[in-house]
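Chemist: Next up is a structure, given as structure tokens.
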Amino acid sequence: MESAADGRRIAIGLAGGPGSGKSTLAVELVAMLNAVKPGSAAYVPMDGFHMRHAKIEAMGQTDYKGAPHTFEGAAFVTFLNRLKHANDAVSGPGYSRKIEDVVDDAFTVVPDVKVLVVEGNYLLLTEGPWAGVKALLNYAVFIHVPRDTVRDRLMKRHGEEGLFSAERNKAHIERNDLPNYDLVEASRDRADVIFDMVVDR
23 MESAADGRRI
33 AIGLAGGPGS
43 GKSTLAVELV
53 AMLNAVKPGS
63 AAYVPMDGFH
73 MRHAKIEAMG
83 QTDYKGAPHT
93 FEGAAFVTFL
103 NRLKHANDAV
113 SGPGYSRKIE
123 DVVDDAFTVV
133 PDVKVLVVEG
143 NYLLLTEGPW
153 AGVKALLNYA
163 VFIHVPRDTV
173 RDRLMKRHGE
183 EGLFSAERNK
193 AHIERNDLPN
203 YDLVEASRDR
213 ADVIFDMVVD
223 R
């Protein structure tokens, strides 16, 4: 990574559909980089740019929460651009599955950080504000996991969260999560590399 070597901050994007394991891989990558050089890498999740739940409710879009139009996509692009060029500490939002809402100041990127590990479903989309993300990534990785595996993982995840019934979770996955998976899969060719993950469900 030339930019990091010459002192400029770089961004590595990990894209993929819901349930593909992006968050786990992103956290592991940050830990590996920081083990080599402490404080050199930071995790930047796209999920913190969900619209507030109250806003999604007001829009009548709770059944489609997690779809591209229920994110503050333009704000995410602005934030990522700021992170790429910041010389001061910058805090960003996260997302809590326990409360199903955004959490302010969930993480802070300090000036010494040289590698941003950016993770999210929609990093490679070409529609709307998402089209501005790819140009801010120095390297883009797409994580592919089979659709049936994703369905099983999401049922398990939603069940463990314990917020809704199994019937509701299944309906949400079929109506929203899997169409989002299909949309994201269509953007995979924009990645610099595609990881085909052969994993247990």
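Numbering (this note's numbering), first residue to last: 23 to 223.
Positions of the beta carbon are idealized from the N, C-alpha and C atoms, including for glycine.
(1) Go ahead and label K44 buried or exposed: buried means 16 or more other beta carbons lie within 10 angstroms of its beta carbon, across all protein chains shown.
(2) Reducing DSSP to helix, strand and coil, say where G38 ends up.
(3) What residues in its chain sit with their C-beta under 6 Å from that of A48, if we drop five residues either side in the sequence?
(4) Kindly indicate which three-state DSSP category S118 falls into: helix, strand or coil?
(5) Just to confirm, are Y161 and G39 a CB contact at a threshold of 8 Å?
(6) Do P90 and G150 have their C-beta atoms closer together than 8 Å?
(7) Specify, as a first and last residue, the run of the alpha helix (DSSP H) that E207 falls within.
(8) Straight-line CA distance for E182 to G29?
Modeler: This is what the structure holds:
(1) buried
(2) Residue state, collapsed to three classes: strand.
(3) L36, Y65, V139 and E141
(4) strand
(5) The answer is no: Cβ separation not under 8 Å.
(6) yes
(7) L200 to E207
(8) Approximately 42 Å between the Cα atoms of the pair.
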